[in-house]
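Here our numbering = 1-based position in the sequence shown + 8. Positions of the beta carbon are idealized from the N, C-alpha and C atoms, including for glycine. Every value quoted in this text rests on a predicted model; they were computed, and no experiment measured them. Okay, structure first, notes after.
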Amino acid sequence: MRVGVVILPDARWPAASDRWREAEARGFTTAWTYDHLSWRSLREGPWLGTVPLLAAVAASTSTLRFGTLVASPNFRHPAPLAKDVMTLDEISGGRLDLGVGAGGGGYDSTVLGLPPLTPAQRAARFEEFVDALDLLLREPASSYSGEYFTAVDSRTYPGCTQRPRVPFTVAASGPKSLRVAARHGAAWVTVGGVGSHPSSEEWFDAVTRQVAALASACETEGRDPATLRRVALVNLEADWAQGSIGAWDDFCGRVEELGFGDVVLHWPRPEDPSWPGPPPRVFDEICSRLR
């Protein structure tokens, strides 16, 4: 089982730099950060911009794979994002994974002053977003025209270091977004069902249904589901999965039975008890097994 970690962009760079280098030293397979403009109660605290932060991470690490979990069309346009992604892949020597998702409500969806979208509209916009990114990253000179996004003679030379483009990790739970994952994803990532503080059985029931729907989406797209890596992201609120090392082992065993090869947890924040997550002692024990 591969283990990754989410590192929030909520520290000034000297401290943030130490966390990312420590993640590499501890042996995590991947390290991710959220691509939000702000986050809940931390809107007044440090919250660094994703692209420049990851550029610094690329330059200050050497083996760690890293990426967004996830970039969304709430405030991103495929053409400038493709240029940034290509550049991050160049700086890192091909260590970038691009996580993408449809985006929800909240600050990221209102900051540009656009009218709110229905869930169906968000799903349609997301499909265009990923289709456009796929084209713009595969073809260094290309154009795209859709209902939500247009790119005219976009240039991303010299192209991605990873060929034919950086791998996509697609966050999806509904049928339309799962089709996007089946079409374009190197990996599919899920946080379980919609709603806060799910019990373990609610979480696994939701994911079991999603796995079945993903298989159906792959069949529709003519793809073998086994070729799509599955990533389970442990919610900050999922104490039942990470409160002890025994709970963690049980969680990993159950998701492995569902075909998952990757699990991702959050870097502990013991200084802020309002943000649940793995206790430091559990986090340290998990890390001790990584090498």
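CB of residue i within 8 angstroms of CB of residue j, strictly
i: residue 79; j: residue 53; result: no
i: residue 105; j: residue 174; result: yes
i: residue 184; j: residue 136; result: no
i: residue 244; j: residue 274; result: yes
i: residue 103; j: residue 74; result: yes
i: residue 240; j: residue 268; result: yes
i: residue 76; j: residue 58; result: yes
i: residue 201; j: residue 177; result: no
i: residue 189; j: residue 237; result: no
i: residue 191; j: residue 172; result: no
i: residue 72; j: residue 32; result: yes
i: residue 298; j: residue 215; result: no
i: residue 45; j: residue 17; result: no
i: residue 295; j: residue 34; result: yes
i: residue 187; j: residue 228; result: yes
i: residue 61; j: residue 37; result: no
i: residue 277; j: residue 212; result: no
i: residue 164; j: residue 101; result: no
In DSSP terms, what residue i is bridged to
i: residue 176; result: 106
i: residue 67; result: Answer is none; residue 67 lacks a bridge partner.
i: residue 149; result: 163
i: residue 274; result: 14
i: residue 79; result: 108
i: residue 158; result: 153
i: residue 291; result: Answer by DSSP bridge pairing: none, since residue 291 is not bridged.
i: residue 297; result: DSSP lists no partner for residue 297.
i: residue 134; result: According to DSSP, which records beta bridges pairwise, residue 134 is partnered with nothing at all.
i: residue 84; result: Per DSSP, none; premise fails for residue 84.
i: residue 73; result: 38
heavy atom of the ligand SAM below 7 angstroms from residue i C-beta
i: residue 37; result: With respect to the ligand SAM, the structure shown offers nothing to examine, as it has no ligands at all.
Contact set for residue i: own chain, Cβ-Cβ below 8 angstroms, skip 5 residues either direction
i: residue 257; result: none
i: residue 63; result: 95, 96 and 99
i: residue 260; result: 9 and 271
i: residue 47; result: 16, 18 and 55
CB contact check: residue i to chain C, cutoff 8 angstroms
i: residue 151; result: The chain inventory of the structure shown lacks chain C, comprising one protein chain alone.
Cut-off 6 angstroms between Cβ atoms - residues of its own chain near residue i, not counting five sequence neighbours on either side
i: residue 27; result: 15
i: residue 231; result: 190
i: residue 293; result: 253
i: residue 65; result: 28 and 74
Cβ neighbours of residue i in the same chain (closer than 7 angstroms, five flanking residues each side left out)
i: residue 87; result: 144, 159 and 162
i: residue 252; result: 290
i: residue 167; result: 94 and 148
i: residue 131; result: 110, 182, 184 and 185
i: residue 133; result: 81, 125 and 156
i: residue 39; result: 12, 13, 15, 28, 31, 72 and 74
* Evaluate contact between the region 154–169 and the region 109–117, counting only Cβ atoms and requiring at least three cross-stretch pairs below 8 angstroms. => no
* Within the region 189–268, note down every full beta strand (DSSP E) run reaching 3 residues or more, in order along the chain. => 195–198 and 237–241
* **Runs of beta strand (DSSP E) lying entirely within the region 26–63, each at least 3 residues, in chain order** => 38–41
* Asked: Taking contact to mean at least 3 C-beta pairs separated by less than 8 angstroms, is the region 281–298 in contact with the region 82–100?
  -> no
* Determine, using beta-carbon pairs with one atom in the region 137–149 and one in the region 114–122, whether at least three such pairs fall under 8 angstroms. => no
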